[in-house]
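Notes for the one structure printed next.
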Amino acid sequence: MSPLDLLVVAPLVFMVLSLLAGGWQRSLLALAIATMAALSVWLMTLDPGTAHVVGGWELPLGVLLRADGLAQMLVPAVTLTAGLTGLYALHQFAPESHASNAQTAAFWPLYYLMWSAANAAFLTTDLFNLYVTLEMASIAAVAMAAMGSVRAALRYLLIALLGSIFYLLGVALILSRYGTVDVTLLAGMAEADFATALALALMTGGLLVKAALFPLHGWLPPAHAAAPAPASALLSGLVVKIGFVITVRLWFEGLAAAATPAGLHVLGGIGALAILFGSLQAIRQESLKALVAYSTVAQIGYLFLAFPLIAGAGHAWAGLSFHAVAHMIAKAAMFLAAGLMLKAAAGPRIADLAGLARAMPLTVTAFGLAAVSLMGLPPSGGFSAKFLLVDAALRQGQAIHAAVMLIGGLLAAVYLFRPLAVAFSGSETPAVPAKAPSMVAAPLALALAALLLGFAGGPLAELATGGAPATVAQEPPPSLENTVKTASEDAQ
Amino acid sequence: MTGLEYAIAGLLFMGVFFYAAGSLGLLRFPDSASRLHALTKADNVGLGLVALAVALHWGSVAVAAKIAIVWLFAIFTAGATAQVLGQSSKDETDPRP
Amino acid sequence: MTAFLPLALLTLPLVAALISFAMPEARAVWRDASNILFALVKLALVGFLLLQAQGGVDFEWRYEFLPGHDFVLRVDAIALLFVTLSTFLWLIATIYAIAYFERGPNLARFFGFFNLCVLSATGVAISGTAITFFLFYELLTLATWPLVVHKGDEKSLTAGRVYLTYTLAGSAAFLAGILWLKALVGPLEFAAPPDLSPVPTLTLILIFVLLIGGLGVKAALLPFHGWLPQAMAAPAPVSALLHAVAVVKAGAYGILRVVHDIYGAGTVADLGLGLPLAFLASATILYGSLRAVMQNDIKKRLAYSTVSQVSYIVLGASLAGPIAAVGALVHLVHQGIMKITLFMCAGALANRLHIKAVTELDGAGRLMPVTMASFTIGALGMIGVPPVAGFISKWYLGSGGLEAGDAWVIAVLAGSSLLNSAYFLPLLYRAWLLPPQGDHAPVAELTGGWNRMLVLPAAVTALASLGAGLFASFPFSPLEWVSLIVDAGYLR
Amino acid sequence: MSLVFDLVLCLMILGTAAASLLMRSALGGIVFFIAFGNLLGIAWLSLGAVNVALAEIAIGAGVTGILLILAHARLSAMGDPVECEPTSPWMRAAVAVICGGLIVLLSVAVLSISPTDRMGAQIATLMPALGIENPVTGVLLAFRAYDTLLETFVLLGALVAVWAIAPPGGWPQRPASLAIATPVSLTVIGTFSRVLLPASLVMAAYLVWTGSDLPGGAFQGGTVLAGGILVAALGGAIALPRADDMRLRSVLVLGPAMFLGIGLGGIALGRFLSYPVGLEKALIVAIEYALALSIGATLALLVAGKPVPPAAVQEGGD
Amino acid sequence: MEALATGHLFALTGAVLVGLGLFGFITLRHALRQLLAVNVSGAGVFLMLGGLGRGAATTDPFPQALVITGIVVAVALTAFGAALILRQAEEDHAAKEDDERGGKT
Amino acid sequence: MTGLFYAAAMALLVTVALALVRAWKGPGTIDRIMAAQLVGTGVIGVALTLGAARGDATMLDAALVATLLAALAVAAFVASRAPRGARKDGEDRS
């Protein structure tokens, strides 16, 4: 008995039930959140690296599920994000209207499907299983995007399909070359030959499309901006992380042999461009949700900018994990808050938000706190992430990377303070439609979680580095007392 | 080669011939109606002959039954579609090549 | 147990902030009461710490907030100086703000951020490492922004934008500087200064420029001062707090820490950085004064005066030698109580008589004698007239300049005093010696319940600044305390 | 000889693929795509992978073909000719160079790997424990049952996704009528479908039954079933159910739920998705039948499309 | 030897199919045709898997199973894609009709 | 014998290719559908002969499935095609 399979399977059980439950979604969701929370806690208590094959079929035939530090951080974050987003969605997709509203009826099964896909992606080390997982996520994500704009969803689907093909192409080469698709086995066998390098390049290309890394991000802003708020929260929070995590597993574990420093630097460079491009685009947006969506494009950049830093000094791996988690939570909070704000505002533009800080202080607070994390200001998970990454960059002499991250933070401040300032402006207090408490609480709780993440940095970083792949710099945590002592001795 | 094998070879040859005739007809006949003619007759005869050859080759009743089903299905399909196609080909003039 | 005392210093304003946020506007009385109560409790705590610290006890609390990075709170003598100032002025400013706003809109928000501001200032004061300092420094930016844009009009929004642009860019530079230095020499503990000898000189200079550039923004050093006059769009209590304790002081205090506790005054001088910094400070002093002369708006004039006066601290910090250090530190306190007096008076004038421009001041002394008397004390102190506190600071700065062999400092001080007179004396002349314009009746300053609290706090701080000058050589006076610090070798 | 046959086959596969993409006429493209799918099926036969051939012929060529035909017809009915603006020759040349480059890279990689049956032997040693003989079914329902489980949820999710885009008033009605032909044609197709539906049922059952030991299985069987349902619906022999029909829902989730249930039951014995000794074959076959039924219903409804308002159903279009 | 050649032959065909599909995906401007192109590419990948799993007498059942999974996933996504295309066309159609109606009045 | 079946299979492939030429040329939809059907029949023939050539009786099942689905595809083609008259009606309605 292990939480690893249950974390994937339980949401599927709930998906089946939700298809049969009709108006009982509320109870189902409560049950789901309780179950998943318990399983997540269980997962966090496992020793990092705990793994087992599904059904007892050994590798290379079977599928291995594994709880490494990255998964032990991401899966609970998914539980938090998805759970709270679900509470919010209970109002937007009120179960009572399941008989008359297609989106309501479809949302809940898709929601559980996405939840399962995210957990499955973070927990498995099997490249082919990851393909199926990617497609699970794609289906749910595109369908949710279609609830906002069919056009954007169609574009998303086509691009996602192409991405999957490239990924699968790589998997085919790897399977044929090595006779296994398991990352842990590949880590010991992979060689830096042409087929492997090509496979890595193809898979990375396909995954970058799904992770929406500049310049393959084109599908993201329209889809994420148009979707209903809870859907956007899940899309930006969960789905793009899947592609990212698989890329990490390839580059630093499975195919690390073929991951040349040049390749890592190319990815890092693209990440840097993504930060700058996404931020500048976000600054230009007039619509609030488009702004938040472009912010995702920029924030994805950080994840890849960290790639060339992983193997060097510092704690880039922890920073990377932190950023993935902090962005997931904060971005979900921001989309949910933005959804509430737009419901109260006169229109979709940022200029329509005037006076909302007075009318809905809690929601604007949630938006603000999420913004703090996304800008990387203290105290927040986003800060911890950026801090560790900048620290690692400077320790490795990568001044440009550090500069880009710092400038990215400033640009984020430029675009994120704009809606906040407008919300603070105006003398009129707009009339705000009544909202259910849980709808207000969800973004606030997420934003607070993003904030609190900044306080738990030490233990969480330890969690993240547990079971990290061998390519990650394993430096013993410097015992501070010693360093202080030596420093003061030197001073004397 | 045994007699059976000669028979199989002959059947196969004939079958392929009918197939080819059907294809050529489809390709060379001037209008849709006559092409339909070529299609529905020739290739089903071809299939029948090939099927017979294969059935003889396997020499098993079960396989033969399966093959018979295949053939019957093909004929049935051809018949049904030909009828519909014939109906609608009357008002068919697709402007685009 | 005592290790948690530094934490308690932060917890008190935090709890006050949370209570303020949570309390509905209708419960304003409770909010006001709790704010004052917490300020009093904190004052008592500070008193206790003062007694302890006199015996040479330092309090420290540390926690590894990220791998390899400790969060250190350390209450030493210098920190206590700043903490005492901020705690005392917090109480005063809170009382004043309650009277100033009466029952205006958005006060829950206002007092919440006000308290967060105090929290950050306290944190800045008791930070034990450069990184801890940065955390609070950045938090300060975030907490003050809502105060700056509090009014929500076009002017405040612009001011908020300008403020953020300057301060966030500054923090980014500061962060880059400390992380860079940390990458080279290990943790930057103020109590255990790092060994800089292995670092190349050019790098050290570059990092110094980053650090001072980052801190100079909040300290309103010359090229980075632009935000401060704009921030006058904020309500008077905010200006009072910003100028006297929170923002500019944090910058100046940071420069003190960098020069003395990270680099060490000797190293700064060896690197040839002291003199340029002193020149920059001097230029700021003169430039700020010149600009102040040209302002008609009272608050703007005071703002430029702050630009000038804060640089005294920087000047003192940049001159090697204990006397200048005493001048710098003591001015940190003196400028605070004097400047808060002036701003509270300006606020009272604007509130009661709607006087905002210098040219409207005619006869104000007759209409609001108590207020104008306080204002006069503050202004004379700024000019450096004995026995008001300002004189003491300037005396020590001048002596420090002589001690360091930089006699030109005297000329700067003299020039600045002249300019100070040029912008303060006409004001006093109008207020006391010219007849009132229009038909204003004298204001009942000291009657009417809370109304008097608009006037009394300024009177208290005015008396304090007088006392700080008069009783400069008595125990527990700022000067004595500072001398104690310097003698104890806290500043290198 | 077989190599020559394979060579001709591959050339034809490439030709049909190219034609399906390059043709101006979309319908022509679809015809070529179906031919392409069938030829691929032959290719799989030639590789000795009859399981895949069945799947490719049934799903890749068959159901996908029907899907594309219907989509094309519906688009045409709405006045969308499914025409592509021809892209500029320069652009085509540039893209051709890129794609050519990709092909070269892939070819080099492919040639650096020597084709072998890597896991066949290992799988063969494990098969006796399962009590079935078709190794592909063994992989699908035992060794990689986890993949297969998730895959069935991809299918189910796709159907829910299609439901999500029902037009206003369409929920929870029936999918649009598939046929937009003349009454005469419909009569013929109707008769035709009355024969095809039972035939498909029999065929599906046969494929699932044979699948445990011989090529076949739940997916192939389910697809054939879906095809039968679709043609029956096309000819008006049956009406597709409403989306909120609980019987329908039960059928849709039957397979996935049974798979999940048996998987979770395995936890009692120690591991998720482990089959109790001795019951392997029974459980696998049970899962396969349930899955085939669910897959058939799911695929048929997927192809039929989103629910539409009742008026649109009667009009015959959407 | 012949098995080797057969395997490579099919795998190479698969490689070319991938390229062809990609070409079609980029140059074709109608979503339905793009969907078709993706399917061609996908089939190419499957064929590569099959070709490279071709042994002396048999084809590796492992990639076979993966291909079957892949085919099913592909049809699910293709069906959803087609539904989206149709819904999109309906929306455009309705918008056009609205425009025309607006133009007349 | 194997060679003979292979030869037949190859010849059938060629006839399929010929039919495909018609599918390419069109000109009408009917022509394409007929070509499609011929391709279908041809593929069934190929499956049968290939099964015989490789000595794998299970390939008959492939032929069987191909027959069934070819029928389905053609039925879909026919049923979903709105004749010209009907199409005109549709245009009038819009």
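Residue numbers (full-length UniProt numbering), protein chains in the order written: chain A, 1 to 492; chain B, 1 to 97; chain C, 1 to 492; chain D, 1 to 318; chain E, 1 to 105; chain F, 1 to 94. Built from N, CA and C at the ideal position, the CB exists for glycine as well. Remember, it's a predicted structure, so these values are computed and weren't measured experimentally.
Would a check of beta-carbon distances place residue i closer than 8 Å to chain C?
i	result
A:PHE367	no
A:LEU70	no
A:ARG395	yes
A:ASP391	yes
Would you say residue i lies against chain B (beta-carbon separation less than 8 Å)?
i	result
F:ARG22	yes
F:ASP31	yes
Determine whether the Cβ of residue i lies closer than 8 Å to any Cβ atom of chain A.
i	result
C:TRP30	no
residue 107 of chain E	The structure shown does not extend to residue 107 of chain E, since chain E is modelled only from 1 to 105, so the question has no answer here.
D:VAL303	no
Under 8 Å by Cβ, that's how I've got residue i and residue j pegged, so tell me the actual separation to the nearest angstrom.
i	j	result
A:ALA140	A:LEU162	Not confirmed; about 18 Å, so no contact.
C:VAL83	C:VAL118	Going by Cβ atoms, the distance from C:VAL83 to C:VAL118 rounds to 10 Å, so no, they are not a contact pair.
C:LEU43	C:THR87	5 Å
E:VAL16	D:ILE103	5 Å
A:ALA359	A:ALA344	6 Å
Measuring CB to CB, does residue i end up less than 8 Å from residue j?
i	j	result
C:GLY336	C:VAL245	yes
F:LEU20	D:ALA35	yes
D:LEU225	D:ALA199	no
C:VAL455	C:LEU446	yes
A:PHE304	A:ILE283	no
D:VAL253	A:LEU19	yes
A:ALA223	A:ALA316	no
Specify, as a first and last residue, the run of the beta strand (DSSP E) that residue i falls within.
i	result
F:THR49	Note, F:THR49: premise wrong, no beta strand (DSSP E); alpha helix (DSSP H) at 29–54.
C:ALA65	The amino acid at residue 65 of chain C is misidentified as Ala; the sequence shows Phe. Where C:PHE65 is concerned, the enclosing beta strand (DSSP E) stretches over 59–66.
D:LEU240	D:LEU240 -> no beta strand (DSSP E), and no H or E assigned at all.
A:ALA50	Ala is not the amino acid found at residue 50 of chain A; the sequence shown has Thr there. 50–53 is the span of the beta strand (DSSP E), which, as asked, contains A:THR50.
C:HIS69	69–75
How long is the line joining the alpha carbons of residue i and residue j, rounded to whole angstroms?
i	j	result
B:ALA7	F:LEU60	21 Å
A:ALA487	C:VAL385	Here the model assigns A:ALA487 a pLDDT of 40, short of 50, so the residue's position is not dependable and the matter cannot be decided.
C:GLY177	C:ARG161	24 Å
F:PHE77	F:LYS25	18 Å
D:GLY28	D:ALA142	41 Å
D:ILE267	A:SER138	29 Å
A:SER2	D:ARG144	18 Å
A:GLY301	A:GLY408	10 Å
Closer than 8 Å, CB to CB, is residue i near chain E or not?
i	result
A:VAL63	no
Between residue i and chain D, is there a C-beta pair that is closer than 8 Å?
i	result
B:ALA80	yes
A:SER287	no
Looking at the unbroken alpha helix (DSSP H) that takes in residue i, where does it start and where does it end?
i	result
C:VAL118	107–126
A:ARG177	150–178
Answer yes or no: does any C-beta atom of chain F fall closer than 8 Å to that of residue i?
i	result
D:GLY235	yes
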